[in-house]
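Have a look at the structure below before the remarks.
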Amino acid sequence: MHDVIMRPITGRDELALFNRMPYVLNDEVADDLAEGRRRPEWLWVALDGDRLLARLAWWGRPGEDVPFLLDILDIADDVEVGARLLRTAAAEVVPAGTRQPAYLRTVPADWRDTARHDVENRMAVAENTGAHLFVERLRFEWHPGTPLREPSTRLAFRPVRDTDEILDLMTRVLDGTLDAHSRDDLTRMPARDAAVQHYEDELVHYRSPRDWWRVATLPDGEPVGFVTPARNDYNPIIGYIAVLPEHRGNGYIDDILAEGTRVLAAQDVPRIRAATDLGNTPMAAAFHRAGYVNVERTITMTWH
Numbered sequence: 082m083h084d085v086i087m088r089p090i091t092g093r094d095e096l097a098l099f100n101r102m103p104y105v106l107n108d109e110v111a112d113d114l115a116e117g118r119r120r121p122e123w124l125w126v127a128l129d130g131d132r133l134l135a136r137l138a139w140w141g142r143p144g145e146d147v148p149f150l151l152d153i154l155d156i157a158d159d160v161e162v163g164a165r166l167l168r169t170a171a172a173e174v175v176p177a178g179t180r181q182p183a184y185l186r187t188v189p190a191d192w193r194d195t196a197r198h199d200v201e202n203r204m205a206v207a208e209n210t211g212a213h214l215f216v217e218r219l220r221f222e223w224h225p226g227t228p229l230r231e232p233s234t235r236l237a238f239r240p241v242r243d244t245d246e247i248l249d250l251m252t253r254v255l256d257g258t259l260d261a262h263s264r265d266d267l268t269r270m271p272a273r274d275a276a277v278q279h280y281e282d283e284l285v286h287y288r289s290p291r292d293w294w295r296v297a298t299l300p301d302g303e304p305v306g307f308v309t310p311a312r313n314d315y316n317p318i319i320g321y322i323a324v325l326p327e328h329r330g331n332g333y334i335d336d337i338l339a340e341g342t343r344v345l346a347a348q349d350v351p352r353i354r355a356a357t358d359l360g361n362t363p364m365a366a367a368f369h370r371a372g373y374v375n376v377e378r379t380i381t382m383t384w385h
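My numbering applies: residue 82 is where the sequence shown begins, and numbers increase by one.
Right, here's the structure in full:
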């Protein structure tokens, strides 16, 4: 064990070394480096001679010096080596006094049956450095050719007017939310601040026109919910979808999801991706009814 070398990769010339361990994100790493979403000093390896024992990588937004997520963490099979690599790399990458970025791992939809050992080993690496499970989420895909729900006859849809309107709606839907990230935010800040943080962390970074976003209203113009169909750095997505608390329980989510899907389908997209917490069974059921298929899951772990 004393011969193990832990270091960042030297540059793009070591991508083949870094990508020796298979993972769904491997094909994106080169583009991420080119676009500034990753940096060589954020990609670390543990080596015994030329044998790759473990690797990890953080992801961030172009121009930001602190990474946003730890989203690659793989080990040959030795949890302790992985934990040592994580502690060593984090000490160099994460500024002192800064909260460790969350660890996000994509896993098979049926991982408890098909990949439990590998998934739990990676979770153990993070746990050995002080992390705990925060949330498990379901990832869905919709593909062209899947039948679309007919346009709603009880709701009207219009573009979001401005930033103030979307922030007001985002603030209101936090009342009774089932989303784990939002519930955690509400333990630390007022609802308006949580909405602003979500907006600045996610919605402002979409690579698509804001006029795709839709507010759902009753015939008299009263808002009942909204959806933000968009493109992120990688895919067309249903970014944020919600029904206002006073209108929940009426099945409006099906109409709103169909409208968001319709907006993206009109762009001739190859697929649409979406996600919701495992515990948000109403939203998961709505995705299933709309023809979205659960293709994988994500596990998020956080440090205190």
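The beta carbon of each residue, even a glycine, is placed where N, CA and C say it ideally should be.
Given the structure is predicted, the values throughout are model-derived calculations rather than measurements.
Local Cβ density within 10 Å of residue i, reported as buried at 16 or more and exposed below that
i	result
Y373	buried
T342	buried
N387	Because the chain in this structure spans residues 82 to 385, residue 387 falls outside the shown range and cannot be described.
H385	exposed
L219	buried
A111	exposed
D155	buried
D266	buried
G141	buried
A196	exposed
E340	buried
M270	exposed
Y315	exposed
Q181	buried
V344	buried
D152	buried
L259	exposed
Opposing strand residues paired with residue i [DSSP bridges]
i	result
N375	F221
T383	H213
R136	V126, D155
T357	L219
P304	T298
L150	W140, A183
Beta-carbon proximity check, residue i vs residue j, cutoff 9 angstroms
i	j	result
R235	L299	yes
T383	F215	yes
R120	H224	no
E201	E122	no
A297	D336	yes
A138	M87	no
L124	F99	yes
I247	T179	no
F238	R168	no
I318	A355	yes
D256	A275	no
D199	P240	no
P89	A170	yes
R93	L133	no
Proximity test, Cβ basis, 9 angstroms: residue i and chain C
i	result
L325	You won't find chain C in this structure, because it holds only one protein chain.
Contact between the region 226-233 and the region 248-258 (3+ Cβ pairs under 8 angstroms): no
Three-pair Cβ contact test at 8 angstroms for the region 161-169 versus the region 103-118: no
The region 207-224 contacting the region 163-173, beta-carbon criterion three pairs below 8 angstroms: Yes, the region 207-224 is in contact with the region 163-173.
Secondary structure, alpha helix (DSSP H): runs of 4+ residues fully inside the region 182-251: 192-195, 197-208
At least three beta-carbon pairs within less than 8 angstroms, the region 282-289 to the region 300-307: Segments in contact, no.
Given 8 angstroms, three or more beta-carbon pairs between the region 270-280 and the region 370-384: Touching, no.
Beta strand (DSSP E) runs wholly inside the region 307-342, at least 3 long, in chain order: 317-324
Uninterrupted alpha helix (DSSP H) stretches inside the region 83-107 (no shorter than 4 residues): Counting whole runs of 4 or more residues, the region 83-107 contains the alpha helix (DSSP H) stretches 96-99.
Cβ contact check for the region 311-324 and the region 176-190: 3 or more pairs under 8 angstroms: no
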